[in-house]
Every structure is written in C-alpha cells, then in structure tokens.
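Below is one structure; the comments refer to it alone.
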Amino acid sequence: MYIITALPLKVIYPAHTEVPLTYFSRTRPEFGAIIHIPIRKKIVRGIVVSARPATSAKLSLKTASFIPKKIDVADDAFVLPASLFAAATNTARYYLQQRGAVLGTILLASLLPPRTQKANEVPAGTYREIFSVGNADARVRAYQDVLARATGSVWILCPTTARPKYLALSLASARPILIHSGKGKKQLRADYQTSLESRAVVIATASALGYITNRVSDIIIEDAANMHWVRTERPHIDTRILIRHVARAQQCILHWNAAHSSLALPTDLPPKKVLTFSDTATVHMVDMKKETKEKKRWTILSDALTDTLARLEGSAILYVSRKGYAPTLMCGDCGTVVRCASCAHVMALKISGERFLSCPHCKTTQHPEIRCAQCDSWNIIGYGVGVERVYEMLNALFPERPLIRFDRDAITSARKAVHAVQEFQSATRPILIGTDLINEHPSLHAQFACVVHVDNMFTYADYMVPERIWSTITNIRERSTQLMIQTHIPDDRIWQHFIGGTEDIFFSDERRGREIASLPPFTNLLRVTPPMPSERAHRIVSRFIEICTQQGVPAVITDTHLAPDEKRRAVWDIQFPADAWEKHADAIAPIVDKFPPDWTLVMNPQRDL
15 MYIITALPLK VIYPAHTEVP LTYFSRTRPE FGAIIHIPIR KKIVRGIVVS
65 ARPATSAKLS LKTASFIPKK IDVADDAFVL PASLFAAATN TARYYLQQRG
115 AVLGTILLAS LLPPRTQKAN EVPAGTYREI FSVGNADARV RAYQDVLARA
165 TGSVWILCPT TARPKYLALS LASARPILIH SGKGKKQLRA DYQTSLESRA
215 VVIATASALG YITNRVSDII IEDAANMHWV RTERPHIDTR ILIRHVARAQ
265 QCILHWNAAH SSLALPTDLP PKKVLTFSDT ATVHMVDMKK ETKEKKRWTI
315 LSDALTDTLA RLEGSAILYV SRKGYAPTLM CGDCGTVVRC ASCAHVMALK
365 ISGERFLSCP HCKTTQHPEI RCAQCDSWNI IGYGVGVERV YEMLNALFPE
415 RPLIRFDRDA ITSARKAVHA VQEFQSATRP ILIGTDLINE HPSLHAQFAC
465 VVHVDNMFTY ADYMVPERIW STITNIRERS TQLMIQTHIP DDRIWQHFIG
515 GTEDIFFSDE RRGREIASLP PFTNLLRVTP PMPSERAHRI VSRFIEICTQ
565 QGVPAVITDT HLAPDEKRRA VWDIQFPADA WEKHADAIAP IVDKFPPDWT
615 LVMNPQRDL
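Structure below.
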C-alpha cells in the first residue's frame, strides 16, 4: 500500500491557500499522474505530487484526525510533464493561487488520453521571445512564415474558443490540428494523437496547453493584447504568463503577436517588430455634441449614421459598449442613482421579454416599479445607451432590414453564437448590434462598422480604461473597410492619436502617466474582497498591512471602494513596489494565509466594464 498526496485540479475550497489531499492506493503512481479523487460527494481530477510506502507513516496515520480513502490508480494514467508542473508552480506563486487550480486551466476535461510513449528528443532549441504588432491579416501571414521555418511542431494559442476555427480556415494549407473547437471526446483524442507528430500544427486555447510535448519548436500567442487572457473566474491568473513559463521550460521560441501595443504585456519583452499592415478602414468622426446642440435634444443615432445605413447595400456592424436598454437609472426629482441592494452596483433596465431591473455585477433582478430610496419618488428615469435601446430604434427606422442582437443576453451559448454569425453572413443587408462579444468572433466582417456609443467608458475611474477603449476601437476597425465613430468628446487625445495613427505616442503617454501615479506595470496591486463589508474586514486588512511592514515588505492601501454605508469598506487595493513582490514572495505567502478562506484575492485586477 502507498500513501498518495494529490492536488485537485479545480478550486474545491474557497481558500486561496493550497490544500493537498491524502489517499491510499495499491499501486504507486508516477509524479504528475492525473487521477480521479473523491471529495465529499463528488469525483474530481487531481494530480499526484508525492507517493510513499504506507509502512513509513503508520505512526502519523494512527495519530491523524482523518482516515485516508482508498482509490484506484490506472497503470496507463496520463502523466503531466514535470516542466509544466514547474511552470504552474511559478505562476501560482505569483498570483497567490492553488497550483492544482492553475494546472486545471491547461487541461481539457474531455481529453485526458491514455499515457503515451515519452519522446526521446531533446528540446527543440534555446528559449527566446519575439514581439510583433499588426492587424489580423498581417498576423496570419506572419504565422505562415513561422510554419514554413519551424523545425518542430507549432502551437498557436488563442484567447477565446471562437478563434481556433477561424485561424484553421486562414491557415488551411498547413493542415492544422484543432484540439479545442467544440469536438467530441473521440475526435479530440484522435487530434491529440496526431498532434504528437514532429511537424504538427496545433491551434487551441490555453486549456490544451497541458498536452504539449517536447517536440514543439514554436509557441504563438495570438492577439496577445486581448483582455480575455486574464481569467475572471478562479484561479485569477494571467494565462499569458503561464504560457511564458511553459515556453521557457520547453526551450522553444515564444511569439507574442498583438493587434497593438499594450501596457498589460510583460515589460521585459524585446523591441516590437511592426508587421506589414493590410489596408485599414477609413475612419470618419461624428461630433455628437455639435449634433445635439443643433437638434436641441440628446441624440443616439446621428444623421450621418442613419443616412449611411439607408444607402448601404451591404452589411453593417454597430458597436455599443453596454447591454440592456438603459444602463443607468436615476431619480428624476432628487438625482439619486438606483443601486443594487446586494453589491451597490448601478442597476440597469432591460426589456427583453418583460421589463426588469438587473445588476450587471451580481446578476440580482428586481421589479421595475420601484421608488427612490432617498425621496420616495416614483419618477425613476433611465439614462445611457444600451444594445436593446439601439435595437429598438433601428427596428423602427428600418423595419424591412434583418436586425441581429449580439450581446450576452441574446447570445447565451456557443451554438447560438454560431447560428447568429451564419445568419448575419447569409442575410441580405443585415445590421448586427452588439457589445464586446463581437470581438470574440473574428469571422464577423461587414462593409460598414460604427461605434455607436463608447463615451460612458471614459467616466470609469480605472487606470486601464484608455487602453481598453483603444483595444476596442482597434478591433472594430478590423471588421470593415469603413468605420464611423460617434462621440460627444471628439477632442479627446485617444481619438486624436487613433485617427492620426500615432499609437506609439499614445502608449508612451500612458506609460508615463502610470509611472507618475505608481500604477501597474510599475507596481503590483493586490485587490482584497471580503464576502461582505464589515468592521471586522477593516481590522483584518489593517493587520495585514501591519504584518507586511514588520516583515520589511512595503504595502500601502491605494484605493478604497466604498459600500452604501461609508463606514464599512467593501474592497481594498493594496499596492506593492514592482520589485518587492518577486523579492519578498516567500515572506508574503505566509502573511496572505492569514486572510479568511472565503475572501477573494486578485493580482493586478482588470475591472469588468
């Protein structure tokens, strides 16, 4: 008998600390073997981190407060390479997450093939990085050059599940192997066997990275500036950094390919190489402030936009930054904003099916017939521009045109997304109205594109907002040959740099501003969120700062997000110097363990707009 220590490959406990589990087994599994382990009433996957004879631990087992369960370990269990385990360990250490949960992000649950013969070849070469910037067409041409020169297999990793299939069509001559594209388990395993060939081309998401072999010579990060590389669910990590650790362990060439420069990328990347751009869309700005002044009323759809849509014989894509009908509700008498009772987020009005209020943060719903919490008035007015509102207006203006909504409320599954894309591509003179979901589907192209409303993003107190806006309009521009931007602030520096093509100056100014304000990437921010605001939470955070100071780790609370009761804080942003986090990682980890297990800790968070 053997005693096995295993880590679950998902977040079982709400704690940020790692909890290894102990079991009995008749056979001794290899280090890194993927096994099925019982936890409470569920069976989950786990990875073996140690195995020793049970005879050497009789005394400890007799005095233990638990009884290890017996499990069966298959002889042909899939074994994760030690290099991937080391990469996940480094990533988990930086982001204060569980190693098992990080490993779970790079292993497809539906794959897990039987153990294969270990390759005898040495790693393909010496680790180095290449950073390139270019639009989608230029990046595809760059990938073709990499495939032509590669000495081993090439892995192209994408931020979303819709991109692999699109890239496979663009690189059809290379006969790519898709590991993650909605296939069945049998087809996935067949593709996995094919990916073991020495000249294979694998296009997948980062969740297939766990099956990489030492035959790989190049790893490509597609659209590296995309915000979807950062996981919004636990474990809260930046998957690009995990890919970097894997590439370093595999000793291969890592290609960072982005649509534009980005301050969210590692600061130590080599100087960028600008790819030869294809023809980009012509940009036309519409001053909505001037139009509102001429019409003497607030306007959502400009005359230029409606005239263009009326004359347009092809398809059109309209971008709106918010879901719902009215993203903000306010009392018409006293001006009080209607907020969620659970999380204090601003409530939004939705009219899909029937009218209701919804919180975009915690998904709480409420009946629309409410009174003002301040003055008890019924005069609640909806403000702002949402997808549903634009859809309603276009339906009244162009009743004969096919209109397609493309937001999270209308597109609730991958199948619906595929159906909507096919409907848009086959319809005559269609108009698609959507949110950021548009940028997740690269096959969406039209003759005309328009940014209907994005001005609300300028009001967010978040240091990433300018780059988020730049990324959004850059991706929308790639969708068409003609782009229109409606804005009430046409003199803003973002629009001036965007139209003038001075991207380097824009990001240089952003970098200088962040350095002056001591924001990432010049510092590290640890966002601490308790399950609910309380005085006890304030004492815990204060004690954390005090212990860090005693240990010689500089930590300062930079921003406090207030709940409706201003005496009770809901979220803390704790700032560490850029070099302090790596330097004091061993000292910080035990201090972080003092936080209660139901708290959420996120490194350098991206706010969900």
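Residue numbers in the sequence shown follow my numbering, run continuously in steps of one, and reach 623 at the last position. Where a beta carbon is used, it is the ideal one built from N, C-alpha and C, also for glycine.
Inter-residue spacing [alpha-carbon to alpha-carbon] between residue i and residue j
i	j	result
R491	L332	11 Å
V465	S485	13 Å
V626	F472	Lying outside 15 to 623, the shown extent of the chain, residue 626 is not represented and no answer is given.
N271	V93	31 Å
L210	A100	22 Å
H11	H30	Beyond the ends of the chain as shown, which are 15 and 623, falls residue 11; an answer cannot be given.
F145	H194	25 Å
P578	W613	Bear in mind that a pLDDT of 43 at P578, under 50, signals an unreliable position, so the model cannot answer this.
P545	Q112	19 Å
L223	V25	19 Å
N393	I602	51 Å
G398	A340	5 Å
K581	Q589	At K581, the pLDDT of 41 sits below 50, so the modelled position is not reliable and the matter cannot be decided from this model.
E406	V360	23 Å
V404	R369	16 Å
V606	N104	17 Å
K364	V63	49 Å
E236	C172	5 Å
L446	D317	19 Å
S212	L23	29 Å
I61	G118	9 Å
A441	L458	13 Å
I85	L35	12 Å
T227	V334	42 Å
I57	S39	16 Å
P568	A594	7 Å
D205	C376	39 Å
K429	Q436	Contrary to the premise, residue 429 reads as Arg rather than Lys in this sequence. For R429 and Q436, the distance between alpha carbons rounds to 11 Å.
I255	P82	36 Å
V432	R129	34 Å
S522	E529	11 Å
G139	A261	11 Å
K179	V216	11 Å
N618	R325	46 Å
H269	P284	11 Å
C562	D252	25 Å
D232	I395	55 Å
C-beta contact flag for residue i and residue j at 9 Å
i	j	result
A460	G349	no
I120	V168	no
P43	I49	yes
P95	M15	no
A176	P456	yes
Q201	P127	no
A592	T537	yes
V401	T449	yes
L343	L408	no
T434	A424	Reading off the sequence shown, one finds Ala at residue 434, where the question assumed Thr. In contact: A434 and A424 (Cβ atoms closer than 9 Å).
A218	L185	no
V570	V542	no
D87	K286	Strictly speaking, residue 87 in this sequence is Val, with Asp absent from that position. No, these two residues do not count as a Cβ contact at 9 Å.
Residue of the options minimising C-alpha distance to residue i
i	options	result
L533	Y477, G400, V230 and L615	Y477
R336	I452, S124 and G148	I452
A164	S221, P535, P22 and I267	I267
E481	K199, S276 and I85	S276
D518	V585, L371, H598 and V288	V288
D506	A91, P280, D301 and K56	D301
E32	A569, T19 and G148	T19
F45	A91, P82 and I57	A91
S187	Y157, G527, T174 and T563	Y157
I503	V468, R525, Y225 and E529	V468
L540	S97, H552, D89 and Y108	Y108
H259	R142, G515 and Y37	R142
Beta bridge counterpart(s) of residue i as assigned by DSSP
i	result
H50	R59
R541	D587 and V616
G448	Y333 and F420
N271	S146
W169	V216 and I233
Y16	S39 and P67
K84	F38
Cβ contact (3+ pairs, closer than 8 Å) linking the region 509-523 and the region 307-315: Output reads no: the region 307-315 does not touch the region 509-523.
Does the region 549-564 come within contact of the region 496-504, defined as at least 3 CB pairs closer than 8 Å? Taking 8 Å as the limit for Cβ pairs, the verdict is that the region 496-504 does not touch the region 549-564.
Contact the region 383-402 vs the region 338-353: 3+ CB pairs below 8 Å: yes
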